[in-house]
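Reviewing the structure listed below.
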Amino acid sequence: MSLTYLASSGVISAEESISALVPKTEELIVGLLGFLVLLWLLKKFAYPQFEATFQERTAAIEGGIEKAEKAQAEAAAALAQYQAQLADARGEASTIRSEAQAERSRIVEEARSEATAAAEQVTSRAAAQMEADRLAAKAELSAEVGRIALDLASRVVGEALSDDARARATVDRFIADLESSSQEGNR
Amino acid sequence: MSSTIVAMAHTADPGFVPPGIGDFNYPPIFPGTAVEWVTKPLLASVLAAVLVFVFFTVGARKRALVPGRFQFAVESTYTFIRNGVARDVIGHGFEKYVPFLVTVFAFIAVNNLFGIIPLIQFPTLARFGFPLMLAICSWLVYLGIGIRRAGFFGYFKSVMFPPGLPVFIYPLLAPIELLQVLVVRPFSLALRLTANMFAGHILLLLFTLGGTYMLTNENLVLKVLAPFSLAGAIGLTSFEAFIEVLQAYIFTLLTALYIAEAMSEEH
Numbered sequence: 012m013s014l015t016y017l018a019s020s021g022v023i024s025a026e027e028s029i030s031a032l033v034p035k036t037e038e039l040i041v042g043l044l045g046f047l048v049l050l051w052l053l054k055k056f057a058y059p060q061f062e063a064t065f066q067e068r069t070a071a072i073e074g075g076i077e078k079a080e081k082a083q084a085e086a087a088a089a090l091a092q093y094q095a096q097l098a099d100a101r102g103e104a105s106t107i108r109s110e111a112q113a114e115r116s117r118i119v120e121e122a123r124s125e126a127t128a129a130a131e132q133v134t135s136r137a138a139a140q141m142e143a144d145r146l147a148a149k150a151e152l153s154a155e156v157g158r159i160a161l162d163l164a165s166r167v168v169g170e171a172l173s174d175d176a177r178a179r180a181t182v183d184r185f186i187a188d189l190e191s192s193s194q195e196g197n198r
Numbered sequence: 080m081s082s083t084i085v086a087m088a089h090t091a092d093p094g095f096v097p098p099g100i101g102d103f104n105y106p107p108i109f110p111g112t113a114v115e116w117v118t119k120p121l122l123a124s125v126l127a128a129v130l131v132f133v134f135f136t137v138g139a140r141k142r143a144l145v146p147g148r149f150q151f152a153v154e155s156t157y158t159f160i161r162n163g164v165a166r167d168v169i170g171h172g173f174e175k176y177v178p179f180l181v182t183v184f185a186f187i188a189v190n191n192l193f194g195i196i197p198l199i200q201f202p203t204l205a206r207f208g209f210p211l212m213l214a215i216c217s218w219l220v221y222l223g224i225g226i227r228r229a230g231f232f233g234y235f236k237s238v239m240f241p242p243g244l245p246v247f248i249y250p251l252l253a254p255i256e257l258l259q260v261l262v263v264r265p266f267s268l269a270l271r272l273t274a275n276m277f278a279g280h281i282l283l284l285l286f287t288l289g290g291t292y293m294l295t296n297e298n299l300v301l302k303v304l305a306p307f308s309l310a311g312a313i314g315l316t317s318f319e320a321f322i323e324v325l326q327a328y329i330f331t332l333l334t335a336l337y338i339a340e341a342m343s344e345e346h
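For the protein sequence lines, the chains are A and B, in the order given.
Residue numbers for the first sequence follow my numbering, beginning at 12 and rising by one.
Residue numbers for the second sequence follow my numbering, beginning at 80 and rising by one.
Rendered as structure tokens:
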């Protein structure tokens, strides 16, 4: 609207209004050269750098992700390893515990049987000792009883019978009677 | 509002001269020398190319895996076009065309933004020659892709006679499609860009020059109203910043669409 009005009002001439669309040669040339040189320079110095930077950035990000994934896998492996070790240790501990228990009961059993054996030994030794003492006492007693009886008899009879073979036989018989009667009495 | 100001221009003395096409014609910077053809828009376009080059090369040089603020900004600009336009529109085999599309976008965006950058304050691409050349570049690119894919006749046959249509449609369709690919596309690319920049610049000039004129006018009503015009200029500056980047994006997006179409087997 403005243009038409201005043109008709005579502020600008018809020739001038057309000149807005008639390109000037130097503008065509400078515009074209400026643009083409700019395009060529940027294609050479700037745009490849951008693409390279973008690629490096992508690689860096992907590398970072990969690294994180690797670290995560490593952590998981370590955890599994620790858990396996823990389970091993627990198993080992329980084995040791049961072994110790077995050992303990074995030791107790051994001690018990040893003690029993020792006790038996002591008992049998005591029995043997007692038997020996008894036999010794018996032998001594039988000798003593014979002598006392003879003494007594000689005192009663008033004569020495010590060397008499008959007296000796009488005493022996007497003692044998005593023994047999005492044995019967023991029964 | 603009018509009021213009109407007042007739009554006021010495009168308000509204902005016009004359404001887009810059005098030579070195008059009377061999480089008389050097003008402000011309230098601005070269400056834009230098700025874009510095922006991308400095941003690309460090190549840190964890980018700083500047490197991130530069990389974001690159990936905005690389992924948001080239990859999403072209798809398979888009890598080859990323440099072209990114350069087109950045060059147009910086040239456009010159429209609101102090001291320069002129959108270079409002001069029709620059966008025309850019449009011809993208025209050559997509034609080249199509012809390399299907051969010269094969490509134009696929453009003019897309398969699967009733035969009587073709006499109507074929010339329209040919005109579309050969003429309409490049000119619509260039015109859209230039017209947007032109209109934006005219609007900014109108609000700024009008506000200044009203402020210095003896008429008290105009003096009081002047701040509104100047505030409008400030508001429009933000709006222009948006339009300037948007137009760069549209040009890039359409170029990518044309490339994608030329690459695809069926039309």
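Note that beta-carbon positions come from the ideal geometry of N, C-alpha and C, so glycine has one too.
On a predicted model such as this, the values are computed, not experimentally measured, just so you know.
Residue i - containing alpha helix (DSSP H), residue span
{"i": "Val324 (chain B)", "result": "299 to 342"}
{"i": "Ala185 (chain B)", "result": "177 to 192"}
{"i": "Gly102 (chain A)", "result": "58 to 168"}
{"i": "Gly225 (chain B)", "result": "208 to 229"}
{"i": "Phe247 (chain B)", "result": "Run containing Phe247 (chain B): none; DSSP gives neither H nor E here."}
{"i": "Thr203 (chain B)", "result": "That residue, Thr203 (chain B), is in no alpha helix (DSSP H); it is neither H nor E in DSSP."}
{"i": "Leu32 (chain A)", "result": "Run containing Leu32 (chain A): none; DSSP gives neither H nor E here."}
{"i": "Lys141 (chain B)", "result": "Looking at the DSSP string, Lys141 (chain B) is not in any alpha helix (DSSP H), and its letter there is neither H nor E."}
{"i": "Gln150 (chain B)", "result": "148 to 160"}
{"i": "Leu285 (chain B)", "result": "264 to 295"}
Same chain, Cβ closer than 7 Å to residue i, five either side skipped, listed in chain order
{"i": "Val238 (chain B)", "result": "Glu256, Leu257, Val260, His346"}
{"i": "Ile186 (chain A)", "result": "Ser153, Val156, Gly157"}
{"i": "Phe240 (chain B)", "result": "Tyr249, Ala253"}
{"i": "Met293 (chain B)", "result": "Leu301, Lys302, Leu304, Ala305, Ser308"}
{"i": "Ala312 (chain B)", "result": "Leu283, Phe286, Thr287, Gly290"}
{"i": "Asp102 (chain B)", "result": "Leu284"}
{"i": "Gly54 (chain B)", "result": "Absent from the structure is residue 54 (chain B), since the part of chain B shown begins at 80 and ends at 346."}
{"i": "Ile338 (chain B)", "result": "Ile169, Tyr176, Val220, Tyr221, Ile224"}
{"i": "Tyr105 (chain B)", "result": "Thr118, Lys119, Pro120"}
{"i": "Val182 (chain A)", "result": "Gly157, Ala160, Leu161"}
{"i": "Gly230 (chain B)", "result": "none"}
{"i": "Thr273 (chain B)", "result": "Leu204, Ala205, Phe207, Pro210"}
{"i": "Ala137 (chain A)", "result": "none"}
{"i": "Ile322 (chain B)", "result": "Asn275, Gly279"}
6 Å CB neighbourhood of residue i in its chain, flanking five on each side removed
{"i": "Leu14 (chain A)", "result": "Its pLDDT being 46, under 50, Leu14 (chain A) is placed unreliably by the model, and nothing is read from it."}
{"i": "Phe277 (chain B)", "result": "Ala205"}
{"i": "Pro242 (chain B)", "result": "none"}
{"i": "Ala214 (chain B)", "result": "Pro265, Leu268, Ala269"}
Cutoff 8 Å; reference residue i; Cβ partners in own chain excluding five residues on either side
{"i": "Ser20 (chain A)", "result": "Because Ser20 (chain A) carries a pLDDT of 44, less than 50, the predicted location of this residue cannot be relied on, and the following value inherits that uncertainty. Excluding sequence neighbours, Ser20 (chain A) sits near nothing in its chain."}
{"i": "Ala335 (chain B)", "result": "Val164, Ala165, Val168, Ile169, Tyr176, Leu180"}
{"i": "Trp116 (chain B)", "result": "Pro107"}
{"i": "Ile100 (chain B)", "result": "none"}
{"i": "Glu110 (chain A)", "result": "none"}
Reference residue i, options the options, closest by Cα
{"i": "Leu47 (chain A)", "options": "B:Asn162, B:Pro178, B:Thr156", "result": "B:Pro178"}
{"i": "Pro98 (chain B)", "options": "B:His280, B:Ala143, B:Glu319, B:Thr331", "result": "B:His280"}
{"i": "Ala327 (chain B)", "options": "B:Val133, B:Leu126, B:Phe186, B:Phe109", "result": "B:Phe186"}
{"i": "Ala320 (chain B)", "options": "B:Ala188, B:Gly233, B:Cys216", "result": "B:Ala188"}
{"i": "Val262 (chain B)", "options": "B:Pro245, B:Phe232, B:Trp218, B:Val246", "result": "B:Trp218"}
{"i": "Ala160 (chain A)", "options": "A:Ala147, A:Arg179, A:Ala150, A:Leu146", "result": "A:Arg179"}
{"i": "Gly45 (chain A)", "options": "B:Thr156, B:Cys216, B:Asn104, B:Thr291", "result": "B:Cys216"}
{"i": "Glu38 (chain A)", "options": "B:Leu325, B:Leu121, B:Leu270, B:Arg148", "result": "B:Leu121"}
{"i": "Phe135 (chain B)", "options": "A:Ala70, A:Ala143, A:Glu62", "result": "A:Glu62"}
{"i": "Thr316 (chain B)", "options": "B:Phe266, B:Gly194, B:Ala128, B:Lys236", "result": "B:Gly194"}
{"i": "Ala31 (chain A)", "options": "B:Leu333, B:Asn275, B:Leu332", "result": "B:Asn275"}
{"i": "Ser124 (chain B)", "options": "A:Ala70, A:Ile40, A:Ser192", "result": "A:Ile40"}
Task: Touching by the beta-carbon criterion (3+ pairs, under 8 Å), the segment 156 to 174 of chain B and the segment 83 to 96 of chain A - done: no
TODO: Please list the residues of the segment 204 to 234 of chain B that have a C-beta atom closer than 7 Å to any C-beta atom in chain A, keeping them in chain order.
DONE: Arg206, Phe207, Gly208, Phe209, Leu211, Met212, Leu213, Cys216
Task: Interface positions of the segment 147 to 177 of chain B facing chain A (Cβ-Cβ less than 9 Å), listed along the chain - done: Gln150, Val153, Glu154, Tyr157, Thr158, Arg161, Glu174, Val177
Task: Interface positions of the segment 277 to 288 of chain B facing chain A (Cβ-Cβ less than 9 Å), listed along the chain - done: Phe277, Ala278, Ile281, Leu282, Leu285
Open item on the list: For the segment 151 to 162 of chain B against the segment 72 to 86 of chain A, do three or more pairs of beta-carbon atoms, one drawn from each stretch, fall closer than 8 Å, so that the two count as touching?
Closed with: no
- [ ] May I ask you to verify whether the segment 193 to 202 of chain B touches the segment 152 to 159 of chain B, counting CB pairs closer than 8 Å and requiring at least 3?
- [x] no
Open item on the list: If the cut-off is 9 Å on Cβ atoms, which residues from the segment 55 to 66 of chain A count as contacting chain B, listed in chain order?
Closed with: Phe56, Ala57, Tyr58, Pro59, Gln60, Phe61, Glu62, Ala63, Thr64, Phe65
- [ ] Could you say if the segment 133 to 147 of chain B and the segment 47 to 64 of chain A meet the contact criterion of at least three C-beta pairs nearer than 8 Å?
- [x] yes
Open item on the list: Beta carbons nearer than 8 Å to chain B: which residues of the segment 66 to 100 of chain A have them?
Closed with: Glu67, Arg68, Ala71
- [ ] Give, in chain order, every residue of the segment 101 to 115 of chain A whose Cβ lies closer than 8 Å to some Cβ of chain B.
- [x] none
Open item on the list: Tell me which residues of the segment 97 to 113 of chain B have at least one Cβ-Cβ distance to chain A shorter than 9 Å, keeping chain order.
Closed with: Pro97, Pro98, Gly99, Ile100, Gly101, Phe103, Asn104
Task: Residues of the segment 122 to 136 of chain B whose Cβ lies closer than 7 Å to any Cβ of chain A, in chain order - done: Ser124, Val125, Ala128, Val131, Phe132, Phe135, Thr136
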